[in-house]
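Sequential numbering from 3 applies to the sequence shown in our numbering. The structure appears right after this line, and notes come after that.
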Amino acid sequence: MPRTLTRDRSIFFIPGQGGITFHPNTAAVTITFPVGSTGRTGLHWHETHTEFLSVLQGVALITLGTVTETFGPTDGTITIPRFTHHEYRRADSAEAGTDGRDVNLTVKEWTEPADGQKQVFFRNVLGIIEDRAGETLLWNLWTLWQLFVVFAGNDNYPLVLPAPATLGPLKPAVERYFTYVVLQISLVLGGFVGLRSRYPEYTPTKQSSSVSDDAYIA
Numbered sequence: 003m004p005r006t007l008t009r010d011r012s013i014f015f016i017p018g019q020g021g022i023t024f025h026p027n028t029a030a031v032t033i034t035f036p037v038g039s040t041g042r043t044g045l046h047w048h049e050t051h052t053e054f055l056s057v058l059q060g061v062a063l064i065t066l067g068t069v070t071e072t073f074g075p076t077d078g079t080i081t082i083p084r085f086t087h088h089e090y091r092r093a094d095s096a097e098a099g100t101d102g103r104d105v106n107l108t109v110k111e112w113t114e115p116a117d118g119q120k121q122v123f124f125r126n127v128l129g130i131i132e133d134r135a136g137e138t139l140l141w142n143l144w145t146l147w148q149l150f151v152v153f154a155g156n157d158n159y160p161l162v163l164p165a166p167a168t169l170g171p172l173k174p175a176v177e178r179y180f181t182y183v184v185l186q187i188s189l190v191l192g193g194f195v196g197l198r199s200r201y202p203e204y205t206p207t208k209q210s211s212s213v214s215d216d217a218y219i220a
């Protein structure tokens with residue numbers, strides 16, 4: 003399928019959801035959920051990167067593991083250890099989020115190591131979403147398959163299917179195993195139809211001075 007050349011764009015916006023801004027000379031990104039947005043990152047985890055968040059404006063409802071709390075600009079940097087399930091969205095529905103209901107929620111994200119993979123991940127996800135050809139069930143499944151391949155190759159593991167609490171201490175292992183299986187099947191089968199975790203149309207060919215060569219397509 004034809005893919006739009008977006009690797010040099012610095013701002014993306016998905017109507018009704020939110021936008022992402024890529025900043026030059028840094029591996030960080032800024033994510034904005036505008037007033038009224040129902041967008042959320044979805045529960046996921048990372049295995050080779052520690053992630054950091056900082057709320058620049060508004061109030062975020064952030065889940066870390068089994069705890070969900072509100073965070074604002076005065077709460078400083080939020081550290082997300084590897085393998086920790088997490089997600090965030092606007093806190094409009096929370097009593098503590100009252101002060102942020104009339105402003106955009108803006109969150110800065112970065113990782114350690116700062117190898118640029120976060121930017122590569124977001125650029126490929128956004129490119130696929132923008133290039134989707136339709137909203138039918140088949141097209142949505144095709145888009146989801148492409149996204150799973152990007153997830154598999156860029157240290158982003160979505161919680162595909164929550165396991166029942168009755169599993170006790172086995173619950174996290176079962177959830178991770180199921181996600182691994184789904185992503186690996188998507189990756190292997192995707193290879194037969196030309197799906198990739200990074201596309202040259204979406205991925206910058208030259209990195210900023212603060213990101214390593216490994217994160218980009220040469």
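Backbone N, C-alpha and C define an ideal beta-carbon position, used for all residues, glycine too. Nothing here was measured: the structure is a model prediction, and the numbers come from that model.
- request: Check whether the region 145-164 touches the region 27-34, counting contact only when three or more Cβ pairs, one atom from each stretch, lie closer than 8 Å.
  value: In this structure the region 145-164 does not lie against the region 27-34, because fewer than three pairs of beta carbons, one per stretch, are closer than 8 Å.
- [ ] With DSSP as the reference, please indicate the residues paired to LYS110 in a beta bridge.
- [x] Translated into positions along the sequence shown, residue 110 becomes position 108. According to DSSP, LYS110 bridges with THR32 and SER56.
Would the beta-carbon of ILE82 fall within 9 Å of that of LEU66?
As a first step, residue 82 is located in the sequence shown; it is residue number 80 there, counting from the start. As a first step, residue 66 is located in the sequence shown; it is residue number 64 there, counting from the start. Taking 9 Å as the Cβ cut-off, ILE82 and LEU66 qualify as a contacting pair.
message = Measuring only from the beta carbon, is THR43 closer than 8 Å to any heavy atom that is part of the ligand HEM?
response = This structure lacks the ligand HEM, and indeed carries no ligand of any kind.
- Item | Buried or exposed (CB count within 10 angstroms, at least 16 for buried), TRP112 | If you number the sequence shown from 1, residue 112 lands on position 110. Looking at its Cβ environment, which holds 16 or more other Cβ atoms inside 10 Å, TRP112 is buried.
Exercise for the section: Could you round the C-beta distance between ARG9 and ARG125 to whole angstroms and report it? I think they count as a contact, below 8 Å. Expected result: Position 7 of the sequence shown, counted from the start, is the residue given in the question as residue 9. Position 123 of the sequence shown, counted from the start, is the residue given in the question as residue 125. By a beta-carbon distance limit of 8 Å, ARG9 contacts ARG125. Their separation comes to about 7 Å.
For ARG163, tell me which candidate among GLY38, LEU45, THR6 and PRO17 has the shortest Cα-Cα distance. For the purposes of this step, residue 163 is taken as the residue at position 161 of the sequence shown. Strictly speaking, residue 163 in this sequence is Leu, with Arg absent from that position. It is LEU45 whose Cα lies nearest to the Cα of LEU163.
message: If you follow the beta strand (DSSP E) that GLU49 is in, where does it begin and where does it stop?
response: On the sequence shown, position 47 is the one that residue 49 refers to. Note, GLU49: premise wrong, no beta strand (DSSP E); not H, not E.
Problem - Where the alpha helix (DSSP H) through PHE180 begins and ends - result: Translated into the one-based positions of the sequence shown, residue 180 becomes position 178. Annotation: the continuous alpha helix (DSSP H) that includes PHE180 extends over 173-194.
**Q.** Segment limits, alpha helix (DSSP H) that includes LEU143
**A.** The sequence position of residue 143 within the sequence shown is 141, counting from 1. Its alpha helix (DSSP H) spans residues 139-155.
ask   = For ARG42, which beta-bridge partners are listed by DSSP?
value = Here the question's residue 42 lines up with position 40 in the sequence shown. In the DSSP assignment, ARG42 forms a beta bridge with ARG91.
(message) Across the region 97-112 and the region 181-195, are there enough close Cβ pairs to call them in contact, namely three or more that are closer than 8 Å?
(response) Flag = no, the region 97-112 and the region 181-195 do not touch.
Given a threshold of 16 other Cβ atoms within 10 Å of its Cβ, counted over all protein chains shown, does VAL37 qualify as buried or as exposed? Counted from its first residue, the sequence shown places residue 37 at position 35. By the 10 Å Cβ count, VAL37 comes out exposed.
Mapping the DSSP letters down to three states, classify GLU203 as helix, strand or coil. Here residue 203 refers to the residue found at position 201 when the sequence shown is read from its first residue. Three-state DSSP puts GLU203 in coil, outside helix and strand.
Three-state secondary structure assigned by DSSP to GLY21
Residue numbering aside, residue 21 sits at position 19 when the sequence shown is read from its first letter. Looking at GLY21 - three-state DSSP - the assignment turns out to be strand.
- Taking the continuous beta strand (DSSP E) assigned at PHE14, which residues delimit it? Here residue 14 refers to the residue found at position 12 of the sequence shown. DSSP places PHE14 in the uninterrupted beta strand (DSSP E) bounded by 13-16.
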